[in-house]
Amino acid sequence: MVVSMDFYQPFFGYYFFNALLLVLQALHVFWAYLIVRMAFKFAFMGKVEKDERSDAESE
């Protein structure tokens, strides 16, 4: 049974869950940007010189 939100206001968990979904979507967009950028560099420049994820040199 579907009840309209006009009759029953959503509780806190509704907004909290939607906020978490929004954060998850933002993380997916960020990761997709990093992956596409790395693939673009590999495809058009021939190689990826360093890991894009870290700023510090580990070696």
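Numbering (the working numbering), first residue to last: -9 to 49. Cβ coordinates follow ideal geometry from the N, Cα and C atoms, glycine included.
If you compare alpha carbons, which of Asp(-4), Leu11, Phe(-3) is closest to Gly3?
Ranking the options by Cα distance to Gly3, first place goes to Leu11.
Compute the Euclidean distance between the alpha carbons of Leu14 and Gly36, then round it to the nearest angstrom.
One Cα belongs to Leu14, the other to Gly36, and the distance between them is close to 32 Å.
Phe32 in three-state terms, based on DSSP
Correct three-state label for Phe32: helix.
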